[in-house]
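The opening position of the sequence shown corresponds to residue 13 in my numbering, with each subsequent residue numbered one higher.
So the structure is just underneath, and the comments pick up after that.
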Amino acid sequence: LLFCPQLHMLGAGSRGAVLEITLAKILYTSKKTQIIGMSATLNNVGDLQKFLQAEYYTNNFRPVELKEYVKIRDTIYAVDSKTQNGFAFSRLLNFKYSSNLEKADPDHIIALVTEVIPKYSCLIFCPTKKNCENVASMVSKYLKKEFRAHKEKEKQDLIKNLKSIGNGTVCPVLKQTIPFGIAYHHSGLTNDERKSIEEAYSAGVLCLLACTATLAAGVNLPARRVILRAPYVGNDFLKKSQYKQMTGRAGRAGIDSAGESILIAQEKDKHLVQDLVHSPLENCYSNLLLELTKGIQSLLLSLVGLKIAVTHEEVDNFMCCTLLGVQQQLLSKEKSFSEIIKDGLENLIEKGLLKGGISEKDHNSKSTLTITPLGKAAYKGSIDLAYCNILYRELKKGLEGLVLESNLHLLYLSTPYDMTSTCSPDWIIYLRQFNQLSAAEQKVADIVGVPESFITKMASGQAIRKNVDNAVVNRFYLTFVLYTLLKETNIWSVSEKFNLSRGYVQNLLNSAASFASCLLHFCEELEEFWVYKALLMELTKQLTYCVKTELIPLMEVAGVLEARAKQLYNAGYKTLAHLANANPETLVRMIEHLSRRQAKQIISSAKMLLSEKAEALQEEVEELLKVPMDIP
Numbered sequence: 013l014l015f016c017p018q019l020h021m022l023g024a025g026s027r028g029a030v031l032e033i034t035l036a037k038i039l040y041t042s043k044k045t046q047i048i049g050m051s052a053t054l055n056n057v058g059d060l061q062k063f064l065q066a067e068y069y070t071n072n073f074r075p076v077e078l079k080e081y082v083k084i085r086d087t088i089y090a091v092d093s094k095t096q097n098g099f100a101f102s103r104l105l106n107f108k109y110s111s112n113l114e115k116a117d118p119d120h121i122i123a124l125v126t127e128v129i130p131k132y133s134c135l136i137f138c139p140t141k142k143n144c145e146n147v148a149s150m151v152s153k154y155l156k157k158e159f160r161a162h163k164e165k166e167k168q169d170l171i172k173n174l175k176s177i178g179n180g181t182v183c184p185v186l187k188q189t190i191p192f193g194i195a196y197h198h199s200g201l202t203n204d205e206r207k208s209i210e211e212a213y214s215a216g217v218l219c220l221l222a223c224t225a226t227l228a229a230g231v232n233l234p235a236r237r238v239i240l241r242a243p244y245v246g247n248d249f250l251k252k253s254q255y256k257q258m259t260g261r262a263g264r265a266g267i268d269s270a271g272e273s274i275l276i277a278q279e280k281d282k283h284l285v286q287d288l289v290h291s292p293l294e295n296c297y298s299n300l301l302l303e304l305t306k307g308i309q310s311l312l313l314s315l316v317g318l319k320i321a322v323t324h325e326e327v328d329n330f331m332c333c334t335l336l337g338v339q340q341q342l343l344s345k346e347k348s349f350s351e352i353i354k355d356g357l358e359n360l361i362e363k364g365l366l367k368g369g370i371s372e373k374d375h376n377s378k379s380t381l382t383i384t385p386l387g388k389a390a391y392k393g394s395i396d397l398a399y400c401n402i403l404y405r406e407l408k409k410g411l412e413g414l415v416l417e418s419n420l421h422l423l424y425l426s427t428p429y430d431m432t433s434t435c436s437p438d439w440i441i442y443l444r445q446f447n448q449l450s451a452a453e454q455k456v457a458d459i460v461g462v463p464e465s466f467i468t469k470m471a472s473g474q475a476i477r478k479n480v481d482n483a484v485v486n487r488f489y490l491t492f493v494l495y496t497l498l499k500e501t502n503i504w505s506v507s508e509k510f511n512l513s514r515g516y517v518q519n520l521l522n523s524a525a526s527f528a529s530c531l532l533h534f535c536e537e538l539e540e541f542w543v544y545k546a547l548l549m550e551l552t553k554q555l556t557y558c559v560k561t562e563l564i565p566l567m568e569v570a571g572v573l574e575a576r577a578k579q580l581y582n583a584g585y586k587t588l589a590h591l592a593n594a595n596p597e598t599l600v601r602m603i604e605h606l607s608r609r610q611a612k613q614i615i616s617s618a619k620m621l622l623s624e625k626a627e628a629l630q631e632e633v634e635e636l637l638k639v640p641m642d643i644p
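Here it is in structure tokens:
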């Protein structure tokens with residue numbers, strides 16, 4: 013049984029393409045697997061029903077009634093499809109605004125939130141991350157002091173917890189807003205910070221979150237009232253599905269008798285908002301063609317690699333079972349669906365990832381397609397085919413002169429390509445980092461193609477005549493972030509040093525750990541890259557745990573995070589064997605804030621891990637000592 017709770021994600025870019033590929037393969041290869049898909053924001057259900065070969069069940073039941081409103085100036089209108097313009101007058105806002113407060117809060121957010129908090133919870137969806145912080149800060153600044161008294165001790169505990177997560181540092185905005193029961197929630201926070209804020213909100217310690225649209229798509233945090241700060245996500249006007257996801261957070265089953273959403277709109281957007289609230293949901297379309305290298309090309313390569321389909325005819329049959337195949341009548345008339353597939357296969361042959369003929373006569377005869385070693389390495393390593401050839405060239409170049417005085421060169425090779433497009437280097441910081449490099453490390457910059465003269469000119473704002481690859485320059489900047497992170501092992505200090513959000517730095521670290529692991533699998537399939545295997549195995553561990561090398565063995569134990577690993581190491585538990593043979597009572601006595609249950613769990617996990625490692629070594633020994641059957 014496979015449960016897919018957000019089926020509308022099929023229409024969401026590269027994630028949608030990956031989901032479609034996964035579902036199509038399961039449906040094609042396993043007739044016994046049952047797939048259950050759910051969504052509250054789907055329109056063209058017929059296409060998805062056909063793709064999933066599914067029965068369709070629908071229900072309009074909502075455990076808590078949702079009342080939708082739109083606020084323009086100081087008037088609140090109920091969304092009502094029966095009226096001529098779709099809005100019905102509901103009420104005027106009843107809140108005394110001073111001239112100073114009117115300037116600070118022209119959209120009357122404080123009036124809207126104080127009607128529900130602190131007794132009930134409230135979410136404010138904001139267009140940007142910065143706007144989330146500004147709104148949280150502004151609301152806390154103008155709230156009455158009585159708000160501080162609500163669950164005061166729990167709020168102080170939350171600040172202490174965040175301080176512990178940040179190695180002694182708390183975001184100044186959160187420090188200001190949390191005493192009032194308010195916080196912001198967006199991707200600029202680290203995972204641990206987000207988790208603490210979500211738990212505090214669920215427990216009623218926080219009563220107001222200013223958040224971005226990502227909270228609506230993922231985390232289940234309902235509220236009595238949901239406010240949409242503006243009908244925009246970033247600079248783009250809200251889609252109906254996004255509006256539904258956000259407003260759908262209003263009303264908590266078992267707690268509220270009703271939930272309400274209020275969309276704040278300007279007079280100029282009134283007609284667009286009328287269209288938005290009354291329009292049908294958008295259709296869900298396949299992304300296999302739009303996400304070319306992560307979509308159709310990646311799928312074709314893995315079909316041949318996994319031997320699911322090895323002739324043009326078999327590939328055609330499989331592709332007809334995808335959502336793209338179901339929606340092929342929507343494709344342009346220039347090429348047939350079969351021709352698009354043929355072009356995709358030819359492209360993979362040109363790139364050296366597949367072998368075999370697919371001309372018209374071959375299509376009629378059943379010519380077999382096979383995967384090349386490079387193709388096998390690409391799909392085994394889950395490498396985006398847009399970067400496969402450049403990755404191969406860079407690894408090949410590294411064989412000629414990999415600089416191993418530090419891990420800078422290896423880190424550059426492990427820096428994810430797909431994050432370079434979102435990177436905007438601060439050239440002064442870039443130059444400062446560049447000037448701290450040793451002679452050997454400066455050689456790395458020369459090898460990868462980042463000249464010092466280019467960084468110096470960019471930092472001083474001079475005209476650039478040199479032709480330099482911006483993607484390489486951006487990637488090397490991200491390498492500097494990772495390099496500093498592995499040296500300092502502190503996301504907070506590194507995010508300040510590079511003027512990046514903590515969440516972005518953590519995301520870069522997680523992506524690099526994942527990409528290093530992909531790179532390792534890529535190199536394992538190509539004999540010529542044998543030298544990289546041991547190096548990448550060690551680097552993947554360093555990026556995964558991002559702690560001093562001596563703490564890595566302890567962090568491999570389930571339930572041991574960085575702070576706990578430091579406590580254990582300082583108390584003399586320096587290896588896996590030390591932990592596996594520890595006495596729970598001694599552990600509780602020596603380690604602060606460690607319960608007896610946690611101590612027993614850690615020791616049990618360490619024993620299991622030690623046993624697994626010993627068994628793996630034993631198997632290796634037995635393999636070495638095995639007498640060959642074909643001795644002459």
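Glycine included, C-beta positions come from ideal geometry on N, C-alpha and C.
Given the structure is predicted, the values throughout are model-derived calculations rather than measurements.
{"Query": "Quick one: what's got a C-beta closer than 7 Å to residue 20's C-beta in the same chain, skipping five residues either side?", "Result": "51, 53, 54, 253 and 296"}
{"Query": "Unbroken beta strand (DSSP E) runs of length 3 or more, entirely within the stretch 213-285: which are they?", "Result": "220-223, 237-240 and 270-277"}
{"Query": "Sort out for me which residues DSSP pairs residue 99 with in a bridge.", "Result": "91"}
{"Query": "What residue does the alpha helix (DSSP H) around residue 446 start on, and which one ends it?", "Result": "439-447"}
{"Query": "If distances are taken between C-alpha atoms only, which option among 627, 25 and 631 comes closest to residue 304?", "Result": "25"}
{"Query": "Sort 533, 503, 448 and 480 by Cα distance to residue 426 and report the nearest one.", "Result": "533"}
{"Query": "Residue range of the beta strand (DSSP E) that residue 414 falls in?", "Result": "From DSSP, residue 414 is part of no beta strand (DSSP E); its letter is neither H nor E."}
{"Query": "Jot down the residue ranges of each uninterrupted beta strand (DSSP E) in the stretch 17-77, minimum 3 residues, whole runs only, in chain order.", "Result": "47-49"}
{"Query": "Can you tell me whether residue 197 is buried or exposed, with buried defined as 16 or more other CB within 10 angstroms of its CB?", "Result": "buried"}
{"Query": "May I ask you to list the residues that DSSP assigns as paired with residue 134?", "Result": "220 and 237"}
{"Query": "Would DSSP call residue 129 helix, strand or coil?", "Result": "coil"}
{"Query": "Given that a residue counts as buried once 16 or more other Cβ atoms are within 10 Å of its Cβ, and exposed if not, what is residue 2?", "Result": "Outside the shown range of the chain, which is 13 to 644, sits residue 2, and nothing can be said about it."}
{"Query": "Helix, strand or coil for residue 510 per DSSP?", "Result": "coil"}
{"Query": "Leaving out five residues before and five after residue 222 in sequence, what residues of the same chain have Cβ atoms less than 6 Å from its Cβ?", "Result": "136, 138, 144, 147, 148 and 196"}
{"Query": "What residue from 468, 140, 182 and 418 has the CA that sits closest to residue 250's CA?", "Result": "140"}
{"Query": "Which one of 540, 384, 474 and 201 has the shortest CA to CA distance from residue 142?", "Result": "201"}
{"Query": "Does the count of Cβ pairs from the stretch 438-445 and the stretch 410-430 closer than 8 Å reach three?", "Result": "no"}
{"Query": "Considering Cα atoms alone, identify which of 467, 240 and 193 is closest to residue 261.", "Result": "240"}
{"Query": "Counting only runs of 3+ residues fully inside the stretch 152-215, write out the beta strand (DSSP E) ranges in chain order.", "Result": "194-197"}
{"Query": "Buried or exposed for residue 34, please, with buried defined as at least 16 other CB atoms from any protein chain shown within 10 angstroms of its CB.", "Result": "exposed"}
{"Query": "If we ignore side chains and look at the alpha-carbon of each, how far apart do residue 217 and residue 134 end up?", "Result": "12 Å"}
{"Query": "Do you know how far the Cα of residue 317 is from the Cα of residue 22?", "Result": "24 Å"}
{"Query": "According to DSSP, simplified to helix, strand and coil, what is residue 614?", "Result": "helix"}
{"Query": "For a quick check, are the C-beta atoms of residue 313 and residue 386 less than 7 Å apart?", "Result": "no"}
{"Query": "Output the residue ranges of the alpha helix (DSSP H) runs that lie fully inside the stretch 472-536 and measure 4 residues or longer, sorted by chain position.", "Result": "482-500, 503-509 and 514-536"}
{"Query": "Use the C-beta contact count for residue 215: other C-beta atoms within 10 angstroms, 16 or more gives buried, fewer gives exposed.", "Result": "exposed"}
{"Query": "Are the stretch 405-424 and the stretch 539-554 touching by the rule of at least three beta carbon pairs closer than 8 Å?", "Result": "yes"}
{"Query": "Hey, quick one: how far does the alpha helix (DSSP H) through residue 582 stretch, first residue to last?", "Result": "574-582"}
{"Query": "Label residue 529 either buried or exposed according to how many other C-beta atoms from any shown protein chain fall within 10 Å of its C-beta, with 16 as the threshold for buried.", "Result": "buried"}
{"Query": "Output the boundary residues of the alpha helix (DSSP H) element that contains residue 539.", "Result": "Element bounds for residue 539: n/a, residue is neither H nor E."}
{"Query": "Work out the CA separation of residue 456 and residue 2 for me, nearest whole Å.", "Result": "No statement about residue 2 is possible, as the shown extent of the chain runs from 13 to 644 and does not include it."}
{"Query": "What does the Cβ neighbour count give for residue 168, buried or exposed, with the cut at 16 atoms within 10 Å?", "Result": "exposed"}
{"Query": "Please report the Cβ distance between residue 76 and residue 270, rounded to the nearest whole angstrom; I am assuming they are in contact, meaning their Cβ atoms lie under 8 Å.", "Result": "6 Å"}
{"Query": "Here's a check: name, in chain order, each residue in its chain whose Cβ is nearer than 6 Å to the Cβ of residue 470, leaving out the five neighbours to either side.", "Result": "439"}
{"Query": "When the distance is taken between beta carbons, is residue 335 closer than 7 Å to residue 32?", "Result": "yes"}
{"Query": "If you drop the 5 nearest sequence neighbours on each side, which residues of the same chain put their C-beta closer than 7 Å to that of residue 282?", "Result": "84"}
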